[in-house]
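Colleague: Position 146 (the sequence shown) corresponds to 148 in our numbering; numbering is contiguous. Structure in structure tokens, see below.
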Amino acid sequence: MIRKTVRLLVLLIVGVPQALIVADGSHEVVVPCPGIRTGAYVPNCQCGSAAIGFEGVALTYDRLLDVRVNARNVSGDTLYSDPNQAGIPLLFRWNDTLRSWDEVGTWRCSNVGQGTKRSILPNKTIGLDIRNSSAVVDLDQGPSVILFDDTELPTTGRYRLGLRYSTEFWPALVDMLSDKKFKGCKLQLSGDFSVNR
């Protein structure tokens, strides 16, 4: 009986991270809306309908780490942000070759439980700060970003911020990994801005 219990515990402890690694390691491209490319390991959210307004987005920044903005709920409903973002804006970099906005890889909380259901009441804001993410990495070529497909690029370029939200409670990551469909997810993007270095 003890051996069976130990085997079951090992299976549970080892099994969940493997599922997370498999889901996170995929480089399949998802196009949630025209001109946007992201990885298959994130929720496939449809384009939002102007429920979120981004405040304080400048046209130009000296460094990517200078980007700090507020996201305001401009709808009449309570919205729920992706609990895995937790104050971290999504970041999309312009790909001139493919003429698309490609998602930059940022740190994500791999919470297999319910996560934090962060509500945004009507006309309220949440802060989004690039410094809270791992978007900028120091490589031999200098400050860089790594796209969802592991492409390494300098931070200089054009970007847009994004926020994933829903009008319903965000499901747990374990539900997503078990192929439960989450149809209420929306992706809202800011206007574009440039980063000099």
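For each residue, glycine too, the CB sits at the ideal point set by N, CA and C.
In whole angstroms, what separates the C-alpha of Arg1 from that of Leu155?
Modeller: In the structure displayed, the chain extends from 3 to 199; residue 1 sits before or after that span and is not available.
Colleague: The beta strand (DSSP E) that contains Ala52, what's its start and end?
Modeller: Note, Ala52: premise wrong, no beta strand (DSSP E); not H, not E.
Colleague: Name, in chain order, the residues that DSSP records as bridge partners for Glu57.
Modeller: Bridge partners of Glu57: Asn72.
Colleague: Assuming Leu66 contacts Thr157 (C-beta within less than 8 angstroms), just tell me the rounded distance between them.
Modeller: Right, the Cβ-Cβ distance comes to about 5 angstroms (below 8 angstroms), so this counts as a contact.
Colleague: Sorted by chain position, which residues of the same chain lie with C-beta nearer than 7 angstroms to Gly27's C-beta, five sequence neighbours on each side aside?
Modeller: Caution is warranted here: a pLDDT of 38 is assigned to Gly27, below 50, making its placement in the model unreliable, and no coordinate value can be reported.
Colleague: Could you work out which residue in Arg199, Asn198, Asp194, Gln190 is closest to Cys35 when comparing CA atoms only?
Modeller: Closest by alpha carbon: Gln190.
Colleague: Between Leu130 and the rest of its own chain, which residues show a CB-CB distance below 6 angstroms, the 5 nearest in sequence each way excluded?
Modeller: These residues qualify, in order along the chain: Val71, Ala73, Pro91.
Colleague: If you compare alpha carbons, which of Cys47, Ile38, Leu61, Val31 is closest to Gly193?
Modeller: Selected option, being the one with the closest Cα: Leu61.
Colleague: Taking the straight line between their C-alpha atoms, what separation do you get for Val76 and Leu93?
Modeller: For Val76 and Leu93, the distance between alpha carbons rounds to 21 angstroms.
Colleague: When you compare the CB positions of Asp64 and Asn198, do they come within less than 8 angstroms of one another, or not?
Modeller: In contact: Asp64 and Asn198 (Cβ atoms closer than 8 angstroms).
Colleague: Would you mind sorting Gly41 into buried or exposed? The rule is 16 or more other CB atoms within 10 Å of its CB.
Modeller: By the neighbour-count rule (16 or more Cβ atoms within 10 Å), Gly41 is buried.
Colleague: Determine which residues share a DSSP beta bridge with Arg95 and list them.
Modeller: Arg95 is bridged to Asp104, Tyr161.
Colleague: According to DSSP, is Pro67 part of a helix, a strand, or is it coil?
Modeller: Residue identity check: residue 67 is Leu in the sequence provided, not Pro. Residue state, collapsed to three classes: helix.
Colleague: Let's test the definition: count the other Cβ atoms within 10 Å of the Cβ of Thr108 and tell me whether it reaches 16, buried, or not, exposed.
Modeller: Classification for Thr108: buried.
Colleague: Reducing DSSP to helix, strand and coil, say where Arg120 ends up.
Modeller: Strand, per DSSP.
Colleague: Measuring straight from C-alpha to C-alpha, what distance separates Thr127 and Phe56?
Modeller: Between Thr127 and Phe56, the C-alpha separation is close to 9 angstroms.
Colleague: Looking only at its own chain, which residues have a Cβ that is under 6 angstroms from the Cβ of Thr153, when we skip the five neighbours before and after it?
Modeller: Closer than 6 angstroms at the Cβ level, and outside the excluded window around Thr153, lies no residue.
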